[in-house]
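Chemist:
In the working numbering, the protein residues as written are 99 to 430.
#1: In terms of residues, what are the limits of the beta strand (DSSP E) holding residue 271?
#2: With a threshold of 8 Å, are at least 3 pairs of Cβ atoms found where one atom belongs to the region 238-252 and the other to the region 333-351?
#3: With a cut-off of 8 Å on the beta carbons, I'd call residue 447 and residue 263 a contact; round off their distance for me.
#4: Nearest-angstrom Cα distance between residue 347 and residue 286?
#5: Report yes if the CB atom of residue 352 is closer than 8 Å to the CB atom of residue 412, and no otherwise.
#6: Taking the CB atoms as reference points, tell me whether residue 197 and residue 281 lie closer together than 8 Å.
#7: For residue 240, write down the residues that DSSP places opposite it in a beta bridge.
#8: For the pair the region 397-410 and the region 360-372, tell me if three or more CB-CB distances fall below 8 Å.
#9: Straight-line CA distance for residue 277 to residue 312?
#10: Pull up the DSSP beta-bridge partners for residue 337, would you.
#11: State the CB to CB distance for the pair residue 223 and residue 249, rounded to an integer number of angstroms; the pair is presumed to be in contact (CB under 8 Å).
#12: From the DSSP output, in three-state form, read off residue 398 for me.
#13: Would you identify the three-state DSSP class for residue 207, choosing helix, strand or coil?
#14: Would residue 318 pass as a contact of residue 296 if the rule is Cβ separation under 8 Å?
#15: Identify whether residue 412 lies in helix, strand or coil by the three-state DSSP scheme.
#16: Within a Cβ cutoff of 6 Å, which residues of the same chain sit near residue 436, ignoring the five residues on either side of it in sequence?
#17: DSSP has residue 345 in a bridge; who is on the other side?
#18: Do residue 212 and residue 268 have their beta-carbon atoms positioned less than 8 Å apart in this structure?
Below is the structure:
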């Protein structure tokens with residue numbers, strides 16, 4: 099093979115490598131979701147290319163054949179990757195959840211192992227299935243939990259007045275000691291993400307008296323995610339936040355998950371819900387406002403001990419609701 103042909107083939111190979119390094123992961127991920135929702139067997143499509151045998155071939159012809167082969171490889175490779183991703187096999191975790199009191203209405207939460215191209219970290223794909231009109235299950239929700247290897251049990255927060263429950267799904271990474279979690283509500287038989295939290299260092303979640311209690315470690319000074327490992331060796335402090343989800347009934351009135359809550363001085367309270375139903379907090383003296391990155395989360399800091407009623411008022415109209423808060427000095 100002459101030098102000119104080798105140079106052209108090398109250049110074409112570099113172009114192909116650059117092309118595959120920018121593999122369309124999101125599109126492929128969507129294809130996975132579509133295939134999963136169809137719940138059918140995977141069918142592999144093979145393409146066959148027949149090239150004539152030529153003893154003497156010019157450099158240009160060789161390059162054309164190489165490019166045709168590259169296109170064929172990409173098309174077959176894309177189908178192969180999509181089919182590979184679609185055939186995720188059995189879930190690594192399967193849990194049954196019941197969002198409301200309707201008899202016989204159950205949903206399934208599955209976690210699948212899934213990896214991005216050119217990455218070795220484990221990722222988990224969470225999928226919630228709901229009964230479809232045809233009798234089969236159809237996908238209701240999906241979310242990617244990056245760099246996670248252990249699905250956690252789902253939590254349920256039960257609401258009064260026959261309102262649907264709130265579901266908390268999560269995963270953790272034992273090596274790096276962080277968790278991801280999602281707080282999901284239901285509205286008109288659709289799942290709404292109230293909140294998503296990723297890379298919660300030293301994270302722990304539990305449901306306490308109708309509220310989601312989150313424990314996390316934070317550095318003295320805020321750092322970006324890339325500096326997590328460095329800051330883990332430095333000074334970290336523990337903070338506790340009680341997330342109180344709320345819903346609205348058909349009249350537009352606020353329905354929180356709790357009417358009374360007891361927390362410790364220095365803890366946080368956060369009110370979360372559907373961001374299409376914004377609320378405001380009235381008459382808070384003992385609890386200070388604390389800004390966070392989510393517009394639909396109203397966060398408060400317990401600066402002193404005592405008793406106070408939090409008044410939640412929907413901005414779009416509706417009845418104001420009170421939550422009685424007791425702040426204590428000692429450990430709970």
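C-beta atoms are modelled at their ideal positions from N, C-alpha and C, and glycine is treated no differently.
Owing to the predicted nature of the structure, the values given are computational and were not obtained by experimental measurement.
Modeler: Let's see:
#1: Following the DSSP letters along the chain, one finds residue 271 inside the beta strand (DSSP E) bounded by residues 264-271.
#2: Remark: fewer than three beta-carbon pairs, one from each stretch, lie closer than 8 Å, so the region 238-252 and the region 333-351 are not flagged as touching.
#3: Residue 447 lies beyond the range of the chain shown here (99 to 430); nothing can be said about it.
#4: So the two alpha carbons sit approximately 11 Å from each other.
#5: Yes. Within cutoff.
#6: The beta carbons of residue 197 and residue 281 sit no closer together than 8 Å.
#7: Its beta-bridge partners are 225.
#8: Pairwise C-beta distances place the region 397-410 in contact with the region 360-372, as three or more of them are shorter than 8 Å.
#9: Straight-line Cα distance between these residues: approximately 11 Å.
#10: Answer is 314, bridged to residue 337.
#11: Not a contact, Cβ separation roughly 10 Å.
#12: Residue state, collapsed to three classes: strand.
#13: Three-state result, residue 207: strand.
#14: No, the Cβ-Cβ distance between residue 318 and residue 296 is not below 8 Å.
#15: Residue 412 carries a strand assignment under DSSP once its states are collapsed to helix, strand and coil.
#16: This structure leaves residue 436 out entirely; the chain is present only between 99 and 430.
#17: Assignment of beta-bridge partners to residue 345 by DSSP yields 353.
#18: Against a cut-off of 8 Å, the Cβ pair of residue 212 and residue 268 comes out as no contact.
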